[in-house]
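Student:
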Amino acid sequence: MLTALLLKLSGAGSGMWAAAPSLPVYLEESHAGSFYFLAQTLPLNEPHTLVLFDAHSDASAIPKSDGIREAIRKVASVEERAARLEKWRETGVIQAYNWMEPLMPSPIAEVVWVPMRKLDEAQRAKLEQEAREFLDGHEEALPRDAGAFAQRLRVMDFETWQKESAAWPSDKRIVASIDLDYFAASTDENLASEVAEVAAAVARLRGLEALCWALSTPWLKSQAQTDALMCAALEQSWSITNAAVQWEPFVKAGPDRSMMAKLRQRRGEQIPEFKLDEASLKLRTLILQRWKPEQTRVERERLERMMNGWRGDSFLPAISMSDRAREPDGSYRLEASQSASIVMEPPPTGARVRWWALRASSDVYRVTDVDFGFASDAPRWIQQRRVLLAEGPVMKALDVKHLAPVLDAAYHCGTAQIFAEVIRDGESRYSNVLTLRVRASGSTGLRAAWSEQFSLPYIFGSTWIAEGRRSGPETGWGADCANFTSAGYRAEGWRVPWGSPRDMRDWLEPWQGPVRADDGCLIHFGSHVAALWEDREPLGRFDDSDLVVHQLEGVPSVVSFAEIKKGRRAPEILRMKRPKREVRLLLGGDVMLGRKVGEAIGQGRNPMSAITEQISAADLAVVNLECAVLSEAAAKDPRAPLAAPAKAVTLLRDSGVDLVSLANNHSMDRGSAGLDDTLRALETSRLKQSGAGKDPVDAGKAAIVEVKGRRFAFISVFDDPQPSRAPRGQPQIFTTAEPERIIDAIAEARTQADVVIVLPHWGREHAPGPSAEQRALAASWMQAGANLVVGSGPHVVQPLEHLLGGSVAWSLGNLVFDGPGPSREWHRGALLEVTWDADTMRMVRARMIPVEIGNDGMVMLAQ
Numbered sequence: 001m002l003t004a005l006l007l008k009l010s011g012a013g014s015g016m017w018a019a020a021p022s023l024p025v026y027l028e029e030s031h032a033g034s035f036y037f038l039a040q041t042l043p044l045n046e047p048h049t050l051v052l053f054d055a056h057s058d059a060s061a062i063p064k065s066d067g068i069r070e071a072i073r074k075v076a077s078v079e080e081r082a083a084r085l086e087k088w089r090e091t092g093v094i095q096a097y098n099w100m101e102p103l104m105p106s107p108i109a110e111v112v113w114v115p116m117r118k119l120d121e122a123q124r125a126k127l128e129q130e131a132r133e134f135l136d137g138h139e140e141a142l143p144r145d146a147g148a149f150a151q152r153l154r155v156m157d158f159e160t161w162q163k164e165s166a167a168w169p170s171d172k173r174i175v176a177s178i179d180l181d182y183f184a185a186s187t188d189e190n191l192a193s194e195v196a197e198v199a200a201a202v203a204r205l206r207g208l209e210a211l212c213w214a215l216s217t218p219w220l221k222s223q224a225q226t227d228a229l230m231c232a233a234l235e236q237s238w239s240i241t242n243a244a245v246q247w248e249p250f251v252k253a254g255p256d257r258s259m260m261a262k263l264r265q266r267r268g269e270q271i272p273e274f275k276l277d278e279a280s281l282k283l284r285t286l287i288l289q290r291w292k293p294e295q296t297r298v299e300r301e302r303l304e305r306m307m308n309g310w311r312g313d314s315f316l317p318a319i320s321m322s323d324r325a326r327e328p329d330g331s332y333r334l335e336a337s338q339s340a341s342i343v344m345e346p347p348p349t350g351a352r353v354r355w356w357a358l359r360a361s362s363d364v365y366r367v368t369d370v371d372f373g374f375a376s377d378a379p380r381w382i383q384q385r386r387v388l389l390a391e392g393p394v395m396k397a398l399d400v401k402h403l404a405p406v407l408d409a410a411y412h413c414g415t416a417q418i419f420a421e422v423i424r425d426g427e428s429r430y431s432n433v434l435t436l437r438v439r440a441s442g443s444t445g446l447r448a449a450w451s452e453q454f455s456l457p458y459i460f461g462s463t464w465i466a467e468g469r470r471s472g473p474e475t476g477w478g479a480d481c482a483n484f485t486s487a488g489y490r491a492e493g494w495r496v497p498w499g500s501p502r503d504m505r506d507w508l509e510p511w512q513g514p515v516r517a518d519d520g521c522l523i524h525f526g527s528h529v530a531a532l533w534e535d536r537e538p539l540g541r542f543d544d545s546d547l548v549v550h551q552l553e554g555v556p557s558v559v560s561f562a563e564i565k566k567g568r569r570a571p572e573i574l575r576m577k578r579p580k581r582e583v584r585l586l587l588g589g590d591v592m593l594g595r596k597v598g599e600a601i602g603q604g605r606n607p608m609s610a611i612t613e614q615i616s617a618a619d620l621a622v623v624n625l626e627c628a629v630l631s632e633a634a635a636k637d638p639r640a641p642l643a644a645p646a647k648a649v650t651l652l653r654d655s656g657v658d659l660v661s662l663a664n665n666h667s668m669d670r671g672s673a674g675l676d677d678t679l680r681a682l683e684t685s686r687l688k689q690s691g692a693g694k695d696p697v698d699a700g701k702a703a704i705v706e707v708k709g710r711r712f713a714f715i716s717v718f719d720d721p722q723p724s725r726a727p728r729g730q731p732q733i734f735t736t737a738e739p740e741r742i743i744d745a746i747a748e749a750r751t752q753a754d755v756v757i758v759l760p761h762w763g764r765e766h767a768p769g770p771s772a773e774q775r776a777l778a779a780s781w782m783q784a785g786a787n788l789v790v791g792s793g794p795h796v797v798q799p800l801e802h803l804l805g806g807s808v809a810w811s812l813g814n815l816v817f818d819g820p821g822p823s824r825e826w827h828r829g830a831l832l833e834v835t836w837d838a839d840t841m842r843m844v845r846a847r848m849i850p851v852e853i854g855n856d857g858m859v860m861l862a863q
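Letter by letter, the sequence shown follows residues 1 to 863 in the UniProt record's numbering.
1) Since I believe Ala482 is in contact with Ser500 (beta carbons under 8 Å), could you give me their beta-carbon distance rounded to a whole number of angstroms?
2) Within this structure, are the beta carbons of Ser431 and Pro347 separated by less than 8 Å?
3) Drop a sphere of 10 angstroms on the beta-carbon of Ile271, count the other beta-carbons inside from all chains shown, and report buried for 16 or more, exposed for fewer.
4) Let me know if Val78 comes out buried or exposed under the rule of 16 or more other beta-carbons within 10 Å of its beta-carbon.
5) From the DSSP output, in three-state form, read off Pro218 for me.
6) Give me the Cα-Cα distance between Val298 and Cys212, rounded to the nearest whole angstrom.
7) Quick one: using the 10 Å Cβ neighbour count with 16 as the cut-off for buried, is Ser661 buried or exposed?
8) With distances taken from CA atoms, which of Arg711, Ile733, Phe714 is nearest Pro721?
9) Got a sec, what are the start and stop residues for the beta strand (DSSP E) Thr415 sits in?
10) Tell me the start and end of each unbroken alpha helix (DSSP H) in the region 131-168 that is at least 4 residues and wholly inside, in chain order.
11) To the nearest angstrom, how far is the alpha carbon of Ala562 from that of Gly793?
12) Determine the DSSP secondary structure at Ile459, reduced to helix, strand or coil.
13) The alpha helix (DSSP H) that contains residue 905, what's its start and end?
14) Taking contact to mean 3 or more Cβ pairs, one atom from each stretch, closer than 8 Å, check whether the region 575-584 and the region 824-835 are in contact.
15) Which complete beta strand (DSSP E) runs does the region 272-302 hold, if anything under 3 residues is left out?
16) Out of Ala862, Glu28, Asp839, which one is the CA nearest neighbour of Arg711?
17) I need the DSSP call for Ser858, collapsed to helix, strand or coil.
18) How about Cys413 and Phe454: are their beta carbons less than 8 Å apart?
19) Buried or exposed: where does Asn787 fall if 16 or more other Cβ atoms within 10 Å of its Cβ makes it buried?
20) Which word fits Asp425, buried or exposed, when buried means at least 16 other C-beta atoms lie within 10 angstroms of its C-beta?
21) May I have the straight-line CA-CA distance separating His402 from Thr678, to the nearest angstrom?
22) Have a look at Asp313 and Arg352 and give me their C-alpha separation to the nearest angstrom.
23) Quick one: does Ile62 have its CB under 8 Å from some CB of chain B?
24) Let's see if you can read the secondary structure: which residues bound the alpha helix (DSSP H) around Pro696?
25) Quick one: residues in its chain with C-beta nearer than 7 Å to the C-beta of Lys596, no 5 flanking neighbours on either side, listed in chain order?
26) Under the rule that 16 or more other beta-carbon atoms within 10 Å means buried, what is Met1, buried or exposed?
27) Alpha helix (DSSP H) containing Glu748: first to last residue?
28) Quick check on Lys396: buried or exposed, where buried means 16 or more other Cβ atoms within 10 Å of its Cβ?
29) By Cβ distance below 8 Å, which residues in the same chain neighbour Gly330 in space, the five residues on each side in sequence not counted?
30) What three-state label does DSSP hand Leu180 in the structure shown?
31) Among residues of its own chain, excluding the 5 on either side of Gln863, which ones have a beta-carbon nearer than 8 Å to its beta-carbon?
32) Short of 8 Å in beta carbon distance, which residues of its chain neighbour Pro822, apart from the five on each side in sequence? Order them along the chain.
33) Identify whether Leu687 lies in helix, strand or coil by the three-state DSSP scheme.
34) Specify the secondary structure class of Tyr365 as computed by DSSP and reduced to three states.
35) Between Leu682, Val245, Leu215, Glu209, which lies nearest to Pro47 when the distance is taken from Cα to Cα?
36) Would you kindly work out how many angstroms separate the C-alpha atoms of Gln295 and Ser655, rounded to a whole number?
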C-alpha cells in the first residue's frame, strides 16, 4: 500500500519505483579517493569494467590485499563501512598508485587503461606489460585468494577505445575514472576542449554507473594548469543534469607514500597541492554559478565562507530582464513576437563578453532500463553543451533575437538557459544562469505551456527524473509523449500525474462538442499521445488538415493529423476529466487598504474593481487583510499608516470576498483597540475572519465555511515566536509562539471539515522562496491534517508546490498594496484558484493567476 501511495503521489504510473537513478560523480585531489567512493557506491559483488583515463596505470598491488576485500564486505551496515574507510583514509591505507587492485575482481572485473590519445602498437604493448607486472607484483610471494589479475587489464589509446566502446552492449556495467594528469601534456588552449571530448565520450555509454575524477596536482605543470583542469572537470560534471555530483575540495587521502613524494621529502620540497583560496576568477565564478550545498560534505562551511567572500567582487556579473518580473520559479517568460533584452550589471566596461546558452547534446535520451522500442539506443545521461549566442566588446545586453540557435526554428519558442562570460585583462568571470521560457506568438493557456517545451529533448522515462523538489518535465530537461502533454496541463494547474500514455488515459474522458485547440483536445493512439495545435477549416471538426503537437524521439514538433495517424490505429479524441460538481476557491495575498489606497477608497474608487468578476465567480474567496480597519470616529495616527477606513470592509464584501485572515504583523498596528474595531467592522459587514479573537483560544479557532454541502476550515497564524502582546481580556491574533496549539487546532478542524486550510503570514520579505523553518512548519501542519497551506508576508510570489500530504503556496505576494516597491516582483501578485471535485473532494486543479499592482495599489489581471 505504501509503495502504491508513493507512486501515485510522485506522479508515477506503472513500472519500477525510482527507475531512473542519478549518475554518481565524484571529484577530489587524490585518485585514492576513487577507491573510497566506489567502495561505498558500487554493488561490491557485481562485475564492472573500469575505464581508466590516466597518465599512470595506478596498477600497483597491495600486499595481502585480501584483507581489504574482506573488510569492506564484512560490515553490519553501510555506516560501519563508511567509518572503517574513513580510518583508512586518515592513515593512508590506500594510495593513488594502488587504489584499483583492492577493488578487483569485483566490483572491478576488468580494467581498460587509456593512457593517451594515440599509441603505436609497440608503445601500447610495453605499457600493458608493465601494468600487468605491477598488478601481479606480489602474486608469487603473497598469492591472492582470487588469483592473478594480469589478464584483466588491457591498454588501448583513446581513438581505439572510442571505436571499441561504441560496440559495447547497453547492459555492460561501466565505471569511468579520469585522472586529470591524462591532460598534462595538452596545450593550454586545448585543455577545456579535450576534457569535454573525453567526458562526452564517457557520458554516452548507457552502462556507465559511476564517474570519478582525480585532480593529481603533483603531476601537473603548474597552478594555472591545475586551476584550468579543475574548472573543466567541474563544468563537465555539472553539465550532466541527471548526475549526483560530490566535490570534496578539502578532503585528504592520508600520508603520500609514492616515490615522487619520498623524493620531494628528501629534497626538502613540499608536495604541491591545489589551493582553492587562490582559485582563478573563472573557477570562482563557475562555482558560484553551479555549486549546490549538498554537493560537498567535508568542510562545507569553509567553502561557503570562501564563496561569500567571492561574492564581494565588484565586477561580478549578474544578468536579468529589467523590463519584466521574475516568475515564482526564478525564470522569466516572453512571447516569441516580443522584443526584449537580457541585461548585465555592472556594465562590462573595457571587457569582451560572450553570451552562451546551455543545450542538451542530444535530442533523444532513455533514462530507464525499460525498453519498449522507443529511444532504444539513446544515451542515459543527459549532458548539456555550450552554444555561443553572441560575442563582442562591452556587450552589456543580449537581444532575444540571438536565441534562435536554441529555440524552435518554426515557432521561435522553447526554453533556454543563458549565461554571460565577461573577459577582462585575460581573465573570465561567469554570470548567473538565467532561464527564459518563450511561448509561441499568440498562444495562451495549454498551447503556450506546450510551446515553452519545444526546444527540449525527448526523454523516455521522464516520469522518473527529478531535480530538487521538481519532477518529470518540470525539471526543464525534457519529456516523452504522454508527459509532454501532461506538462502543459500541470502548468495550467491540473493535478494529473506523470506516466505513460496508458496511465494518462485514466485521467481523460471523451471529447464533447466542437473541437477547440485552446481547450486541450488530446489525440490518444494507445501507445502515443498528441494534442490539437491548430483547428483549420472546417472549424470545430477534427480532420486531416488540422495541426497537432507531439513529442516522439526528438524535440516537440507540429505536424498534420494526416501525417501523425499514418501506421497507427484510429485514435480516441479526449480531454481532461471534469468533475460533475465542483467547488472553487480563490485565495489572494496581502491586501492593505490604507495610505494611498485608503485615500482612493475615500474618493469612491475600488482598488479591486478590475478583478471583482474573478473574485465573485468563485464559490469562496479569501484574502489576507494586512491592516487595521478604523471606526469612523477613530483619529489618524501617522505612526501607524496601515489603517483602512471603515467603508473598506464593505468594499471587500461587495468585491466578492467572503473571509479575511487577520493573523499578520499589521492587523494590530493600532493595538487591541484597533483590532477590536476591525472585528466589529467585519461582523457588521457579515465578513468572516480567522486568526483573531477575544483571547488566544478564540483567536486559534478555525473559521468553518460551508460551500455546496462541503465544509472548509481556515486557520490563520502569524509566524512570530512571541505570543500576542495584547493585554489579558483584549482581542489578539494567533501566533506560532505555541506550535502545539496550531497542531491541536488543525486536528480539531479535521473532525469538523472536509478540507483544512492553514493561512500563515510568514517568511523573509522579498525572498524568492521559503526557509527550512517554513518547510518544517508546513510539514508538521500537513502531518496533523492540513490539506492546503497558503502563505502571505514576503510581498513577492513564491512557488506553489504539491508535497506528500498536501499542497503549499508559499506566498501569493501582494494583491492590493501601494508602491513603489523595491523590485518589479513587489508589483506582481497571484490569485490561487483551487478546484475540488465536490463529490470526492479530490483536488482537481490548483493554478496561480498572475496580477499586477500599480503604485496606487490598484490591482488588475496581468497582461
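Beta carbons: idealized from backbone N, C-alpha and C, even for Gly.
Tutor: Considering the structure as presented:
1) That belief holds up - the Cβ atoms of Ser500 and Ala482 are roughly 6 Å apart, short of 8 Å.
2) No, the Cβ-Cβ distance between Ser431 and Pro347 is not below 8 Å.
3) Its Cβ having fewer than 16 others within 10 Å, Ile271 is exposed.
4) It is exposed - the Cβ of Val78 has fewer than 16 other Cβ atoms within 10 Å.
5) Assignment of Pro218 by DSSP, reduced to helix, strand and coil, places it in the helix class.
6) Their Cα atoms are separated by approximately 17 Å.
7) Label assigned to Ser661: buried.
8) Pro721 has its Cα closest to that of Ile733, out of Arg711, Ile733, Phe714.
9) Run containing Thr415: 414-424, per the beta strand (DSSP E) assignment.
10) Taking 4 residues as the minimum length, the alpha helix (DSSP H) runs contained wholly in the region 131-168 are 158-165, in order along the chain.
11) C-alpha separation (whole angstroms): 53 Å.
12) Three-state result, Ile459: strand.
13) Limits of the chain in this structure are 1 at one end and 863 at the other, which puts residue 905 out of reach.
14) Judged by Cβ distances under 8 Å, the region 575-584 makes contact with the region 824-835, as three or more pairs qualify.
15) Taken in chain order, the complete beta strand (DSSP E) segments of 3 or more residues contained in the region 272-302 number zero; there are none.
16) Answer by Cα proximity: Asp839.
17) The sequence as given places Met at residue 858; Ser does not occur at that position. DSSP places Met858 in the coil class of the three-state scheme, outside both helix and strand.
18) Result yes, Cβ atoms of Cys413 and Phe454 sit closer than 8 Å.
19) The residue in question, Asn787, is buried, as its Cβ has 16 or more Cβ neighbours within 10 Å.
20) Label assigned to Asp425: exposed.
21) His402 and Thr678 have their C-alpha atoms roughly 55 Å apart.
22) Approximately 18 Å, taken between the alpha carbons.
23) Absent from the structure is chain B; it holds one protein chain and no more.
24) For Pro696, the enclosing alpha helix (DSSP H) starts and ends at 696-699.
25) Same-chain partners within the cutoff: Asp818, Asp856, Gly857.
26) Any reading at Met1 is ruled out, since the residue's pLDDT is 31, under 50, leaving its predicted position unreliable.
27) Boundaries of the alpha helix (DSSP H) around Glu748: 739-750.
28) The residue in question, Lys396, is buried, as its Cβ has 16 or more Cβ neighbours within 10 Å.
29) Excluding residues within five positions, the ones whose Cβ falls inside 8 Å are Thr435, Pro768.
30) Under the three-state reduction of DSSP, Leu180 is assigned to helix.
31) The residues are Glu852.
32) Sequence-distant partners of Pro822 (beyond 5 residues in either direction) whose C-beta falls short of 8 Å from its own C-beta, in its chain, are His766.
33) The three-state secondary structure of Leu687, taken from DSSP, is coil.
34) Assigned with DSSP and collapsed to three states, Tyr365 falls in strand.
35) For Pro47, the nearest C-alpha among the options comes from Glu209.
36) For Gln295 and Ser655, the distance between alpha carbons rounds to 50 Å.
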